[in-house]
Every structure is written in structure tokens, then in C-alpha cells.
Amino acid sequence: MISEKEKKILTELRKNSRQSLSGIATKLKVPVTTIFETHHKLKKDVIKKHTSIADFSKAGFPIRVLIAMKKENPEALLRFLLQRDEINNIYRTNEDKILAEAFFPSMKEKHEFLETLQSIKTATKTYDIVEELKKEDMKI
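Encoded structure:
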């Protein structure tokens, strides 16, 4: 569990991880040394990595889909998915299903990918994402 002060700093970093620590200190009205020490602790214990959130549609991948999959050998399916460039995120659900988020440049590539899953006898249910309503905006 993290403190309220750490939550505030983490929230600011989630808004923009490239903002300066002195800028965060000014916003939160906290000494910059406190921000620096807390940031160091968060990097060690809480922050997994700093990353950029891409607009995949503008990057040439306008087709976004969530795919729920089930296979008798989920580890083989996982190994397959981990090798695929189209896959952005992979999750294991409480029903021992694999849920993957994938991006494709066209419906043709999406269809070919789903055919590949069928050829390796993977049961699938797909959900086309038509609009993103909220992204990386959870308040901590």
C-alpha cells in the first residue's frame, strides 16, 4: 500500500511522466527533495516502466479488437500470442480464458489472424472496439 502523498505524486506522473519533478513539487506544494525521494521509491517498488500511449489508428492500425480465447493447452496458445506483433496486451481471466487486445492495419489482416487461431483449434469470441471512452485515467 502506498501513502496519500505517494498517490498524489503517482497520479501526476500518470498524467505526464515527462513533467519535471520540480513542476510536480510546485503543483503539489511539496519540497522538490520530497518529490525526488518519493519518485525514487516509487520507481523501485510501484512504477513498472515509463511508456508512451500511442494512437494506433494514426500509426496505421485502425482495427482494434478484443479476443477471448480458450484452448485445452492455454500455455501453447500463450506462447503463440507472445510471438505475434499484432497483440498489444494479453490477460488470463478467472475462467481460464485468454483475453488479448490486438491491432490490425485492415480487416483482411484481422480475418487472417482469426483464421490462424481457428486452424490451431482455438475457440474465440471477438469484440470490435469502435470507440475508446477512457484510457489510462484511473485516479489513484
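If you read the sequence shown in my numbering, its first letter stands for residue 25, the second for the next number, and so on.
Backbone N, C-alpha and C fix where the C-beta goes; we use that ideal spot for every residue, glycine too.
It should be emphasised that the depicted structure is a prediction, and the values quoted were computed from it without experimental measurement.
Count the other CB atoms within 10 Å of the CB of K132; is the residue buried (16 or more) or exposed (fewer)? Numbered from its first residue, the sequence shown carries residue 132 at position 108. That one is exposed.
Measure how close the beta-carbons of L66 and L34 come, nearest whole angstrom, since I'm counting them as under 8 Å. If you number the sequence shown from 1, residue 66 lands on position 42. If you number the sequence shown from 1, residue 34 lands on position 10. Between L34 and L66 the Cβ distance is about 6 Å, and since that is below 8 Å, they are a contact.
How would you write the range of the alpha helix (DSSP H) that D69 sits in, first residue to last? Working through the sequence shown from its first residue, we reach residue 69 at position 45. V56 to D69 is the span of the alpha helix (DSSP H), which, as asked, contains D69.
Rounding to the nearest angstrom, what Cα-Cα distance links E110 and F128 in this structure? Taking the sequence shown and counting its residues from 1, the one referred to as residue 110 is at position 86. Taking the sequence shown and counting its residues from 1, the one referred to as residue 128 is at position 104. So the alpha carbons of these two residues sit roughly 6 Å apart.
So what's T150 in DSSP terms, helix, strand or just coil? For the purposes of this step, residue 150 is taken as the residue at position 126 of the sequence shown. In this structure, T150 counts as strand in the three-state DSSP scheme.
Assess, as a yes-or-no matter, whether the stretch 61–79 is touched by the stretch 87–94 under the definition of 3 or more beta carbon pairs within less than 8 Å. no
How is E16 classed by DSSP in three states: helix, strand or coil? The structure shown does not extend to residue 16, since the chain is modelled only from 25 through 164, so no value can be given for it.
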